[in-house]
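Going by our numbering, the letters in the sequence shown line up with residues 36 to 267, in that order. From the three backbone atoms N, C-alpha and C, an ideal C-beta is built for every residue, glycine too. A quick write-up on the structure given underneath.
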Amino acid sequence: MRNFVAVLAFLTLGAVFNANAVDEAKPYITSKEVDLSQYLPAPPADDSAQTKAEIAELLAIQAKRTPEEEKAAIADAQENVWRFADVMGAKFDAAKLPKVAALFERVVATEDVVDDHAKKFFHRSRPYMVSDEIHPLLKKSTSGSWPSGHSTLGYLMATVLADMVPEKRNELFARAAVYAENRLVAGFHYRSDTVMSRTGAALIAQKMFEQPEFNTEFDAAKAELRAEMGLK
Numbered sequence: 036m037r038n039f040v041a042v043l044a045f046l047t048l049g050a051v052f053n054a055n056a057v058d059e060a061k062p063y064i065t066s067k068e069v070d071l072s073q074y075l076p077a078p079p080a081d082d083s084a085q086t087k088a089e090i091a092e093l094l095a096i097q098a099k100r101t102p103e104e105e106k107a108a109i110a111d112a113q114e115n116v117w118r119f120a121d122v123m124g125a126k127f128d129a130a131k132l133p134k135v136a137a138l139f140e141r142v143v144a145t146e147d148v149v150d151d152h153a154k155k156f157f158h159r160s161r162p163y164m165v166s167d168e169i170h171p172l173l174k175k176s177t178s179g180s181w182p183s184g185h186s187t188l189g190y191l192m193a194t195v196l197a198d199m200v201p202e203k204r205n206e207l208f209a210r211a212a213v214y215a216e217n218r219l220v221a222g223f224h225y226r227s228d229t230v231m232s233r234t235g236a237a238l239i240a241q242k243m244f245e246q247p248e249f250n251t252e253f254d255a256a257k258a259e260l261r262a263e264m265g266l267k
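This is the structure we're talking about:
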């Protein structure tokens with residue numbers, strides 16, 4: 036009986052691991068296709084005049100941030116495309132758009148693996164690691180600050196969405212800029228981290244759109260989204 040229970044527990048545990056493996060989104064490209072460490076300049080040193088100026092900017096933002104701004108910055112810490120619902124409208128709903136959801140899960144995975152390599156390469160200290168006067172709104176991370184992964188993802192998601200719904204292109208990129216700005220409000224990044232993310236997002240998007248698998252899933256998701264939104 037003990038052996039049976041042990042085997043059952045092992046099989047159950049294995050099933051859980053297998054399910055997790057199946058559910059994990061596969062990136063469209065990795066740092067092998069786009070090595071940001073080869074395209075981006077090195078970040079300013081922690082004791083540089085630029086970093087000191089950026090710390091001063093963050094302290095100014097921190098001093099005047101309102102409860103509403105803090106709430107928005109915390110909400111934008113979510114790394115998913117549904118943060119763009121305020122631009123896309125009420126029909127932009129994961130439950131109604133499974134193909135869109137699946138596509139952007141892979142987009143998120145793509146940004147994560149590409150940016151993670153660059154963060155480890157550059158290893159820029161987060162603002163709160165340099166100054167104990169910075170009080171972040173979120174749980175502290177020890178990963179590199181350069182470039183901002185959240186900001187890269189925001190601009191990348193805006194790029195893909197803008198190709199699906201060009202009618203909202205300007206609003207999408209404006210929202211991506213707010214998504215990036217909220218990393219400063221949260222005390223998690225320097226402005227230069229977020230500026231550099233624009234380059235990273237453009238490079239990732241360009242290479243991603245060269246992948247046949249991405250284009251097949253993109254076309255299906257685009258058709259689904261435009262149909263749901265009543266666009267021809």
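{"Asked": "Whole angstroms are fine: how far does the CA of F244 sit from the CA of K61?", "Found": "16 Å"}
{"Asked": "Indicate the three-state DSSP secondary structure (helix, strand or coil) for S183 in the structure shown.", "Found": "coil"}
{"Asked": "G235 and L71 - do their beta-carbons sit closer together than 9 Å?", "Found": "yes"}
{"Asked": "Nearest by alpha-carbon distance to E168: which of K134, L93, F119, T251 is it?", "Found": "L93"}
{"Asked": "Below 8 Å, can you find three or more Cβ-Cβ pairs linking the region 175-187 to the region 100-110?", "Found": "no"}
{"Asked": "Identify whether A112 lies in helix, strand or coil by the three-state DSSP scheme.", "Found": "coil"}
{"Asked": "Any idea what DSSP makes of P79, helix, strand or coil?", "Found": "coil"}
{"Asked": "What does the alpha-carbon distance come out to for the pair A91 and G222?", "Found": "12 Å"}
{"Asked": "If we count Cβ pairs, one from each stretch, closer than 8 Å, do we get three or more for the region 146-157 versus the region 170-177?", "Found": "no"}
{"Asked": "Please tell me whether V148 and S66 are closer than 9 Å, where the distance is taken between their beta carbons.", "Found": "yes"}
{"Asked": "Is the beta carbon of L75 less than 9 Å from the beta carbon of E263?", "Found": "no"}
{"Asked": "Would you call the CB atoms of R218 and H224 closer than 9 Å?", "Found": "yes"}
{"Asked": "Secondary structure at T86, three-state DSSP: helix, strand or coil?", "Found": "helix"}
{"Asked": "For S176, which residues of its own chain have a beta-carbon under 8 Å away from its beta-carbon, when the five flanking residues on both sides are left out?", "Found": "R161, F223"}
{"Asked": "Given a cut-off of 9 Å on the beta-carbon distance, is the pair V220 and A108 in contact?", "Found": "yes"}
{"Asked": "With DSSP as the reference, label I169 as helix, strand or coil.", "Found": "coil"}
{"Asked": "Whole angstroms are fine: how far does the CA of D81 sit from the CA of A256?", "Found": "43 Å"}
{"Asked": "If you draw a straight line from the alpha carbon of L260 to that of Q73, how long is it in whole angstroms?", "Found": "35 Å"}
{"Asked": "Identify which residue in V143, H158, V213 has its Cα closest to the Cα of A240.", "Found": "V143"}
{"Asked": "Go through its chain and collect everything with a Cβ distance to V165's Cβ below 8 Å, but skip five positions before and after it.", "Found": "D81, T86, I90"}
{"Asked": "According to the neighbour-count rule (16 or more other Cβ atoms, all chains shown, within 10 Å of its Cβ), is V195 buried or exposed?", "Found": "buried"}
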